[in-house]
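Numbers 550 to 622, taken from this note's numbering, label the letters of the sequence shown in order.
All residues carry an ideal CB built from backbone N, CA and C; glycine is no exception.
Since the model is a prediction, treat every value here as computed from it, not as a measurement.
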Amino acid sequence: METFKRYLLIQAMMFVFGIVGPIFLIMFFASPRDPELRWAYWAGLFITAADILIALALTAGSGDKKKTPSSSD
């Protein structure tokens, strides 16, 4: 459960830093169909996907490392 909490914290931080992705998606779906707004869909999709993948990578990299016992007995 600790890993999930850490992931949610990092994901929230990534959405704050990369808020432009969801804004592009909202802009695309809220506006009337215009072929010139296709860039907003793809840019928003890629930015949002990158945010999620970066958050997953940071969560995996910040996990609790098991300390190996030292042989200095």
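Quick one: Cα of residue i to Cα of residue j, how far?
i	j	result
P581	R555	38 Å
F564	P584	27 Å
L607	G570	19 Å
L557	M550	11 Å
A579	M562	25 Å
Just to check my reading of the structure: residue i and residue j have Cβ atoms closer than 8 Å, yes? What is that Cβ distance to the nearest angstrom?
i	j	result
A604	Q560	4 Å
G593	F566	At roughly 15 Å, the Cβ-Cβ gap does not stay under 8 Å, so G593 and F566 are not in contact.
L586	F595	Not a contact, Cβ separation roughly 15 Å.
Return the first residue and the last residue of the alpha helix (DSSP H) that residue i is part of.
i	result
D583	Run containing D583: none; DSSP gives neither H nor E here.
I559	E551 to F566
Between the options, which lies nearest to residue i when the distance is taken from Cα to Cα?
i	options	result
I575	G612, T597 and T608	T597
Anyone know if the C-beta pair for residue i and residue j falls short of 8 Å?
i	j	result
G612	T552	yes
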